[in-house]
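For what it's worth, the numbering used here labels the leading residue of the sequence shown as 27, then goes sequentially.
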Amino acid sequence: MSDTIFGKIANGEISADIVYEDENLVAFRDLHPQAPTHILVIPRKPIPTLNAVQPEDAELIGKLFLAAAKIAEQEGIARSGYRTLINCNAAAGQTVYHLHLHILGGRQMQWPPG
Ligand code: DGP
Numbered sequence: 027m028s029d030t031i032f033g034k035i036a037n038g039e040i041s042a043d044i045v046y047e048d049e050n051l052v053a054f055r056d057l058h059p060q061a062p063t064h065i066l067v068i069p070r071k072p073i074p075t076l077n078a079v080q081p082e083d084a085e086l087i088g089k090l091f092l093a094a095a096k097i098a099e100q101e102g103i104a105r106s107g108y109r110t111l112i113n114c115n116a117a118a119g120q121t122v123y124h125l126h127l128h129i130l131g132g133r134q135m136q137w138p139p140g
């Protein structure tokens with residue numbers, strides 16, 4: 027298991043407000059929410075960035091997005107709309123090097139993002 031903060035959340039060493047989990051994934055509320063609903067979905071597998079995703083991870087990445095849609099439904103933002111995004115490396119603002127998919131909703135999103 028990765029020793030990033032998200033690895034520690036995934037293995038239960040650090041607590042988080044978990045909204046979904048299964049054998050492959052954990053989803054929890056972001057500590058510094060940027061929208062009324064801000065959830066992070068992570069694979070239990072410690073993949074550091076999107077650049078490190080391998081062909082054998084294809085099914086896992088598909089499951090990550092399927093879980094995001096399910097969570098959005100559960101959170102009541104599926105119909106109004108929500109944004110999913112992955113920050114990859116420093117220029118995108120990635121701060122935790124354990125792959126995570128942001129789900130943001132509950133307010134009008136702007137485009138382009140900052
Ligand atoms: P990113 O910039 O894409 O690496 O996003 C990392 C996010 O993780 C950021 O929105 C804040 C959140 N975060 C950082 N540390 C913790 C933590 O310990 N718990 C939770 N729930 N979220 C965290």
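Ideal placement from N, C-alpha and C gives every residue a C-beta, glycine not left out.
For clarity, every value in this text was computed on a predicted model and none was experimentally measured.
Inter-residue spacing [alpha-carbon to alpha-carbon] between residue i and residue j
i	j	result
Leu48	Ile68	Note that residue 48 corresponds to Asp in the displayed sequence, not to Leu. Distance between the alpha carbons of Asp48 and Ile68: 11 Å.
Thr63	Cys114	21 Å
Ile112	Pro138	15 Å
Ile87	Ala94	11 Å
Gln136	Pro59	16 Å
Ala104	Val122	26 Å
Residue(s) in a DSSP beta bridge with residue i
i	result
Thr63	Gly131
Ile44	Phe54
Arg105	Per DSSP, none; premise fails for Arg105.
Leu111	His128
Rounded distance between the beta-carbons of residue j and residue i, thought under 8 Å
i	j	result
Ala61	Arg133	5 Å
Gly140	Gly107	No, Gly140 and Gly107 are not in contact; Cβ-Cβ is about 19 Å, not under 8 Å.
Gly33	Pro81	No, Gly33 and Pro81 are not in contact; Cβ-Cβ is about 23 Å, not under 8 Å.
Assigned secondary structure, residue i (DSSP; H/G/I helix, E/B strand, else coil)
i	result
Leu125	coil
Ile73	coil
Ile68	strand
Glu49	coil
Gln120	coil
Asp29	coil
Gly140	coil
Between the segment 116-130 and the segment 58-68, do at least 3 Cβ pairs fall closer than 8 Å? yes
Evaluate the contact criterion for the segment 30-39 versus the segment 76-89: three or more CB pairs, one atom per stretch, below 8 Å. no
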